[in-house]
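Using the working numbering, the letters of the sequence shown map in sequence onto residues 5 to 150. From the three backbone atoms N, C-alpha and C, an ideal C-beta is built for every residue, glycine too. No experiment lies behind these values; they were computed from the predicted model shown. Read the structure below first, then the notes.
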Amino acid sequence: MAVKLRGHHLLCLLGYRGKGYSDGFCANMTEIYETLRLHPETEIEVIDGPDDICRAFPTDQHAHCRNDSVYRKDGDILAQVGMAVGDRSSWSGVLERVAVRVRPEDIRSLCSDCRWEPYGLCKEGVAHIRGSRELRPLPDTNQTGE
Ligand code: SF4
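As structure tokens, then:
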């Protein structure tokens with residue numbers, strides 16, 4: 005079954021280092037990340053709105069999954085990678101698009117409203133993909149810790 009991802013999560017996954025909103029959120033994100041890292045042939049489907057990552061957002065925190073600004077970011081990032089809602093692709097195909105079409109410095113403008121952007125992890129993630137076309141192993145510590 006395809007992993008369902010909204011637009012901006014195509015890039016969030018590149019910067020994921022095992023930390024996030026809650027243990028449950030991280031456990032789910034790590035599972036998706038490791039599936040895609042170890043099996044880059046996995047099919048993904050681009051969807052509109054909350055996806056397989058959003059589903060684990062903690063219920064006791066203020067969710068931003070349906071904010072207009074987040075939908076705007078989904079659309080901007082899909083345009084940048086040349087994809088659209090409803091598209092299906094192997095994960096490795098997504099990485100190839102990112103490598104060719106996204107520059108590390110694009111993260112600042114694409115994700116200006118994101119609390120994680122100042123940490124620079126996603127910028128680093130894009131730079132890595134441009135070089136290797138493969139997700140990085142997660143740090144050994146706190147793999148369930150974004
Ligand atoms: S800066 Fe935020 S929205 Fe942008 S890719 Fe990173 S985590 Fe995702």
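inquiry  = So the candidates are CYS58, GLU35, GLU47 and TYR75; which of them puts its Cα closest to the Cα of ASP117?
reply    = TYR75
ask   = Going by DSSP, what residues sit across from ARG101 in a beta bridge?
value = None; ARG101 has no bridge partner.
ask   = What did DSSP end up calling ARG57 once you bin it into helix, strand or coil?
value = According to the sequence displayed, residue 57 carries Ile and not Arg. Correct three-state label for ILE57: coil.
ask   = So what does DSSP say about VAL50, is it helix, strand or coil?
value = strand
query = Taking just the CA atoms, how far does GLY19 sit from ILE111?
reply = 11 Å
ask   = Beta carbon of LEU82, beta carbon of GLY24: below 8 Å?
value = no
message = I need the DSSP call for VAL7, collapsed to helix, strand or coil.
response = strand
task = Express the C-alpha separation of ARG119 and GLU62 in angstroms, rounding to a whole number.
result = According to the sequence provided, residue 62 is Pro. The question's Glu does not apply to it. Distance between the alpha carbons of PRO62 and ARG119: 16 Å.
message = Can you list, in chain order, the residues of its chain with a C-beta nearer than 6 Å to that of ALA60? Leave out the 5 residues immediately preceding and following it.
response = GLY28, PHE29 and ASN32
request  = Have a look at ARG41 and VAL130 and give me their C-alpha separation to the nearest angstrom.
outcome  = 15 Å
query = Taking buried to mean at least 16 other C-beta atoms within 10 Å of its own C-beta, is HIS66 buried or exposed?
reply = exposed
inquiry  = Can you list, in chain order, the residues of its chain with a C-beta nearer than 6 Å to that of GLU45? Leave out the 5 residues immediately preceding and following it.
reply    = SER94
key: CYS69 Cβ short of 7 Å to the ligand SF4 heavy atom set   = no
ask   = Is GLY158 near the ligand SF4, in the sense that its beta carbon is under 7 Å from a heavy atom of that ligand?
value = The displayed coordinates of the chain run from 5 to 150. Any statement about residue 158 would go beyond what the structure contains.
task = Report all residues from its chain with a CB closer than 6 Å to the CB of PRO54; omit the five preceding and five following residues, and keep chain order.
result = CYS69
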